[in-house]
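See below for the structure under consideration.
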Amino acid sequence: MNDLHRPGDTAKDLREGEVAVDLPADFDAGVYFIGRIHTPWKTRSECPKNARASDAICTVELEERWEAALKDVAGCTHLLLLYWMHEARRDLVLQKPRHYEAQRGTFSIRSPVRPNPIAASVAALIGIDGRKLSIRGIDCIDGTPLVDIKPYFSSVDSVPNAVVNWHASGTQRGE
């Protein structure tokens, strides 16, 4: 097993319907974590399945060096947060999430289990105090590394007629 797996993951840790692959030995790119997200959830099982399922006000704390990058962010009502789901497996290509009966390809679902466990949430900005942002609409464990913050533009980021056929057709529970 290479070092990109979570420590201790083995083939016997796979649930029915999950298929894992060997990961590359080398990384292709480096990422700077610009801060941490503080939430009330200490474990993955405590996190809401959907970021909008909770009204919890959470805190994004940037590293000091990035504070100047917050210039003009106070004028945003919503932010697109990209964060690293650091406790997720990285080797599954097929998954059977607990809330779906059917096996799905990793790239067709929003599971944090993916080759690069980058999550994205549109969060409401409640306020800013120095390098700390109060937000609502996040679904990660306390201490999750923050990759990036972007303004959310409803004019270009929203696609109202977008469809995920298997979900929209009511086949979430099976094929």
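Quick note: the sequence shown uses our numbering, first residue 62, plus one each step. Cβ coordinates follow ideal geometry from the N, Cα and C atoms, glycine included.
*Can you tell me the Cα-Cα spacing of Leu207 and Pro178, whole angstroms?*
Going by the C-alpha atoms only, they are around 12 angstroms apart.
*Around the C-beta of Val217, are 16 or more other C-beta atoms found within 10 angstroms, so that it is buried, or is it exposed?*
With fewer than 16 other Cβ atoms within 10 Å, it is exposed.
*What is the residue span of the alpha helix (DSSP H) that Trp227 lies within?*
Per DSSP, Trp227 belongs to the alpha helix (DSSP H) from Asn226 to Ala229.
*Option in Tyr161, Ala229 and Tyr213 with minimal Cα separation from Val134*: If we check each option's Cα against that of Val134, Tyr213 comes out closest.
*asked:* If you reduce the DSSP assignment to three classes, tell me which class Val154 lands in.
replied: In the structure shown, Val154 sits in a strand (DSSP, three-state: E or B).
_Opening and closing residue of the alpha helix (DSSP H) in which Val121 lies_ = Counting along the chain, Val121 falls outside any alpha helix (DSSP H), though it belongs to the beta strand (DSSP E) covering Ile118 to Leu123.
*Please look up how many angstroms separate the CB atoms of Arg192 and Leu123, rounded, as I've assumed it's under 8 angstroms.*
About 4 angstroms separates the two Cβ atoms, so the contact holds.
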